[in-house]
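Read the structure below first, then the notes.
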Amino acid sequence: MSAPIQKYAITHRTHYEYSSPSSLCHNQMHLRPRDLPYQCVHQSHIDVSPTPDARYQWVDSFGNRAEFFSIEQLHPHLTVTSKSIVERSVPEYSLEQSPTWSQVVQAATQPVEDDDRKASEFLFDSRHCQRGKAFIDFAREIAIDHRSFVECVQILTAKIYRQMEYSPDATQVSTKPVEALARRQGVCQDFAQIAICCLRSLGVPARYVSGYLLTHPAPGKEKLIGADASHAWMSAYAGPLGWIDFDPTNNLIPGIEHITVAWGRDYADVAPIHGVFIGGGYTQLAVSVDVQPLSFPSP
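Read left to right, the sequence shown gives residues 47 to 345 (this note's numbering).
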């Protein structure tokens, strides 16, 4: 039986409304999904209004498709609309062949293979994710040498899922993972970064993944256009199995309904849009995301 495949149309619209015109803005974007063995990007287009005075693309050090633009004229608002067509299948993880926890830690901290050396970059502190005692204390129980590594990480994500309350008003983009952990509240960004901090504190490389998740309307209700949202999860390095994604917000291993956009050390590396502007006064931000299936999964 062939693996299921699903195609999606994704629209991500970000609108900034200024109380007074801005004279200049510089912005960097990570809005184009990645091509992966289990994900094919058929189309990807980003429209910026007003038309930028300068704009260029590149591939960053993590392999993500990044883009810069600047507007060097008075403008009362800014709208960025990203549209993509993506085909997604299920990653072929051989989870039953998972190495043990101690084998993964050894491969990461005493790298021999090239992949192990590359993964070790994600062992260290980054702008948002710093290792610490609070994370060791929270996750210590998962580090059992002879246990399956995948099982250990699943225990960690299940603990985050049980003990953390999803609360959009509890944290901000700048909230540190240690603060979110202490409050036991946050959103997907916080949950992913807490898991990353726990794993790095215990000697396991972990990285932050940004993307989208197909949401389902309540029974009997129609799906609302623009009601989806950006999502975040994390990926742990599993030695010979490579990188495996885990979604602590939903306590699962991402599959066909997760669309990967970018990955990095933490949120700061892959923010959808971030930059600076001059003037503008008070700014109102509105973001809408729509993920629409274009075909039913194959048998």
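Even glycine gets a Cβ: it sits at the ideal position worked out from N, Cα and C.
Whole-Å CB distance - residue i paired with residue j, under 8 Å assumed
i, j, result
"Ala100", "Gln74", "No, Ala100 and Gln74 are not in contact; Cβ-Cβ is about 12 Å, not under 8 Å."
"Ser281", "Ala252", "7 Å"
"Pro294", "Thr203", "4 Å"
"Ser247", "Ile182", "5 Å"
When the options are compared against residue i, the one with the closest alpha-carbon
i, options, result
"Ala308", "Pro50, Tyr54, Val87 and Glu63", "Val87"
"Cys71", "Lys53, Glu118, Thr97 and Gln85", "Glu118"
"Ser256", "Val250, Pro263 and Phe292", "Phe292"
"Arg311", "Pro263, Ser172 and Pro294", "Ser172"
"His58", "Tyr283, Gly301 and Leu259", "Leu259"
"Ile319", "Ser135, Phe115 and Val224", "Phe115"
"Arg230", "Glu211, Val219 and Asp215", "Glu211"
"Phe170", "Tyr102, Ser65, Gly249 and Ile51", "Gly249"
"Tyr38", "Trp279, Phe108, Ser66 and His304", "Because residue 38 is not part of the residues shown, which for the chain are 47 to 345, the question remains open."
"His360", "His121, Ala55 and Leu82", "Only positions 47 to 345 of the chain appear in this structure, which leaves residue 360 out of reach."
"Tyr313", "Thr306, Tyr254 and Phe323", "Tyr254"
"Arg278", "Thr261, Thr306 and Gly285", "According to the sequence shown, residue 278 is Ala rather than Arg. Ranking the options by Cα distance to Ala278, first place goes to Thr306."
Rounded C-alpha distance that separates residue i from residue j
i, j, result
"Leu370", "Glu63", "The first residue shown for the chain is 47 and the last is 345, placing residue 370 beyond what the model contains."
"Thr60", "Ser334", "7 Å"
"Met47", "Glu138", "Its pLDDT being 47, under 50, Met47 is placed unreliably by the model, and the measurement read from it follows with that caveat. Their backbone Cα atoms lie some 14 Å apart in a straight line."
"Ala165", "Ala180", "24 Å"
"Ile131", "Lys53", "7 Å"
"Ser276", "Ile290", "20 Å"
"Gln152", "Val158", "10 Å"
"Cys243", "Phe168", "10 Å"
"Val337", "Tyr84", "18 Å"
"Leu331", "Gln143", "46 Å"
"Leu287", "Leu141", "8 Å"
"Pro345", "Pro263", "Confidence at Pro345 is low in this model, with a pLDDT of 46, below 50, so the placement of that residue should be treated as unreliable; the coordinate-derived value is given next. When rounded, the distance between both Cα atoms is 23 Å."
"Ile222", "His174", "According to the sequence as given, residue 222 is Lys; it is not Ile. Distance between the alpha carbons of Lys222 and His174 is about 6 Å."
"Leu77", "Val105", "12 Å"
"Thr217", "Gly232", "6 Å"
"Ile190", "Ala241", "17 Å"
"Asp315", "Ser135", "26 Å"
"His123", "Val219", "22 Å"
"Leu245", "Glu187", "12 Å"
"Val199", "Gly301", "16 Å"
"Ala284", "Pro214", "31 Å"
Beta-bridge pairing of residue i - partner residues as DSSP gives them
i, result
"Ser135", "Ile51"
"Ser68", "His121 and Gly325"
"Cys86", "Glu133"
"Gly232", "Tyr212"
"Leu259", "His304"
"Ser334", "Arg59"
"Ser95", "Thr125"
beta-carbon residue i near the ligand NAP non-hydrogen atom, thresh 8 Å
i, result
"His262", "Summarising the ligand content, the structure contains no ligands, and the ligand NAP is consequently not present."
**Item:** the stretch 184–197 / the stretch 134–154 touching (three or more Cβ pairs under 8 Å)
**Value:** Result yes; three or more Cβ-Cβ pairs closer than 8 Å.
**Prompt:** Pairing CB atoms from the stretch 172–191 with CB atoms from the stretch 120–127, are three or more of them under 8 Å?
**Reply:** They do not touch, by the three-pair rule.
**Request:** Pair every Cβ in the stretch 236–244 with every Cβ in the stretch 196–210, then say whether three or more of these pairs are closer than 8 Å.
**Result:** In this structure the stretch 236–244 touches the stretch 196–210; the number of beta carbon pairs closer than 8 Å is three or more.
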